[in-house]
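Working notes, beginning with the structure itself.
2 protein chains.
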Amino acid sequence: MADHVHPVDADRVARARERVPSREDAVAMADVLAVLADPTRARVLHALDAVEELCVGDLALALDASEDAVGYALRVLRGAGLVTNRKAGRVVFYRLVAGFPAPLREHCLRALVDLTRGEPAP
Amino acid sequence: MADHVHPVDADRVARARERVPSREDAVAMADVLAVLADPTRARVLHALDAVEELCVGDLALALDASEDAVGYALRVLRGAGLVTNRKAGRVVFYRLVAGFPAPLREHCLRALVDLTRGEPAP
DNA sequence: GCAACACCCGTACGCTCGTCCGGGTATCCA
DNA sequence: TGGATACCCGGACGAGCGTACGGGTGTTGC
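If you're matching them up, the sequences are chains U and Z in order. Counting from 29, one number per residue, gives the positions in the first sequence under the working numbering. Counting from 29, one number per residue, gives the positions in the second sequence under the working numbering.
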């Protein structure tokens with residue numbers, strides 16, 4: 029370990045310290061992003077964003093994924109408060125929650141598609 | 029396992045199948061988001077976004093984090109091509125890469141701060 | 001040159017996440 | 001009412017991530 033005894037640039041350290049989010053806020057941000065940072069969950073959200081409502085089995089069909097994987101993804105998304113379920117008989121339909129955060133939908137989902145397509149890796 | 033023998037709503041499945049990103053693209057998206065989905069890395073990016081350039085030790089000071097944690101975060105960020113390093117003597121300065129993706133900076137960093145502050149958990 | 005410094009690297013450990021598997025509940029059809 | 005369907009839930013397993021530690025490289029100052 030080699031801790032700085034004295035800061036090299038005290039001014040910048042002070043300015044950075046003011047603007048950097050607290051550790052708690054950073055953890056909250058990381059939790060939100062971690063929910064999206066999974067292929068299955070992201071594709072589930074894209075599918076629901078495209079066709080409004082789908083049941084679990086159809087979702088697995090549309091994604092070519094196992095029903096277990098989709099079920100787990102939906103559980104996590106539900107725990108994060110991003111999707112809602114509606115029971116119609118023995119079928120459970122899922123959709124994006126009404127107040128789905130617009131920034132996530134616009135940028136972290138749609139804009140990110142173009143980003144990943146456009147730039148492979150510098 | 030209970031695979032759907034027939035889709036409940038074949039039309040919506042077909043439409044969703046067209047619009048959902050492929051598994052490969054979803055993995056690429058998840059990789060990008062996973063880099064941001066870490067408190068230390070997110071705070072490092074915020075600090076560099078605020079004051080342009082900082083060395084490792086000052087960065088650890090500004091974040092109240094161990095130098096190991098910051099060093100590992102910087103290694104990951106460098107591997108993802110998001111930061112650059114400049115050696116000045118025995119001090120190494122880091123800054124955001126020139127072509128830092130604007131969507132990430134604008135929305136996944138700045139907008140997400142407001143998002144996490146506004147809504148704790150529905 | 002020698003010592004101290006700033007930082008990097010590889011390894012080992014602990015922990016969480018995602019998947020698989022078995023059983024369970026509620027619903028529909030015959 | 002019995003069986004099949006659609007889905008949920010629990011624990012078990014393997015894999016990957018983040019942290020801590022020890023040793024290493026290059027640089028500065030005496």
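Note that CB positions come from ideal geometry on N, CA and C, so glycine has one too.
Amino acids of chain U, ordered along the chain, whose beta-carbon sits closer than 7 Å to that of residue i
i: L89 (chain Z); result: H32, P35, V41
i: A58 (chain Z); result: A65, D66, P67, A70
i: L105 (chain Z); result: By Cβ distance, chain U contributes nothing, its closest Cβ being about 12 Å from L105 (chain Z), past 7 Å.
i: A62 (chain Z); result: A65
Neighbour list for residue i in chain U, Cβ cutoff strictly below 9 Å
i: V111 (chain Z); result: Residues of chain U passing the Cβ test: none, with the nearest at roughly 11 Å.
i: L82 (chain Z); result: V36, D37, R40, V41, A44
Proximity to residue i [Cα-Cα], best of the options
i: A126 (chain U); options: U:T112, U:R118, U:L132; result: U:T112
i: A65 (chain U); options: Z:V72, Z:M57, Z:V119, Z:S94; result: Z:M57
i: G109 (chain U); options: U:A101, U:K115, U:A116; result: U:A101
i: E46 (chain Z); options: U:V98, U:V63, U:D77; result: U:D77
Buried/exposed call for residue i, threshold 16 Cβ in 10 Å
i: A42 (chain Z); result: exposed
i: A38 (chain Z); result: exposed
i: A149 (chain U); result: With a pLDDT of 42 at A149 (chain U), under the threshold of 50, the predicted position of this residue should be treated as unreliable, though the coordinate-derived value follows. Burial call: exposed.
i: H74 (chain U); result: buried
i: G107 (chain U); result: exposed
i: D92 (chain U); result: exposed
i: A116 (chain U); result: exposed
i: L54 (chain U); result: Correcting the residue identity first, residue 54 (chain U) is Ala in this sequence and not Leu. Label assigned to A54 (chain U): buried.
i: D86 (chain Z); result: buried
i: A88 (chain U); result: buried
i: R103 (chain Z); result: exposed
i: M29 (chain U); result: Interpretation of M29 (chain U) is limited by its pLDDT of 49, a score under 50 that renders its predicted location unreliable; no figure is taken from the coordinates.
Alpha helix (DSSP H) segment containing residue i, residue limits
i: R45 (chain Z); result: 38-47
i: R106 (chain U); result: 95-107
i: L157 (chain Z); result: Nothing in the structure corresponds to residue 157 (chain Z), since chain Z is present only between 29 and 150.
i: D59 (chain Z); result: 51-64
i: G85 (chain U); result: 84-91
Contacts that residue i makes with chain U (C-beta to C-beta distance below 8 Å)
i: V48 (chain Z); result: R71, H74, A75, A78, A90, L91
i: V55 (chain Z); result: P67
i: L140 (chain Z); result: M57, V60, L61, P131
Residue range of the beta strand (DSSP E) that includes residue i
i: L124 (chain Z); result: 119-124
i: A116 (chain Z); result: 111-116
CB contact flag (residue i, residue j, <8 Å)
i: A90 (chain Z); j: A44 (chain U); result: yes
i: V98 (chain U); j: V72 (chain U); result: yes
i: P67 (chain U); j: R51 (chain Z); result: yes
i: L161 (chain U); j: R133 (chain U); result: No answer is possible for residue 161 (chain U): the residues shown for chain U start at 29 and end at 150.
i: E81 (chain U); j: R118 (chain U); result: no
i: R40 (chain U); j: V79 (chain Z); result: yes
i: F121 (chain Z); j: C83 (chain Z); result: yes
Chain Z contact residues for residue i, given Cβ-Cβ distances below 7 Å
i: R51 (chain U); result: P67
Contacts that residue i makes with chain Z (C-beta to C-beta distance below 8 Å)
i: V119 (chain U); result: V36
Residue i: CB within 7 Å of a non-hydrogen atom of the ligand COA
i: A70 (chain Z); result: Of ligands this structure carries none, so the ligand COA is not represented either.
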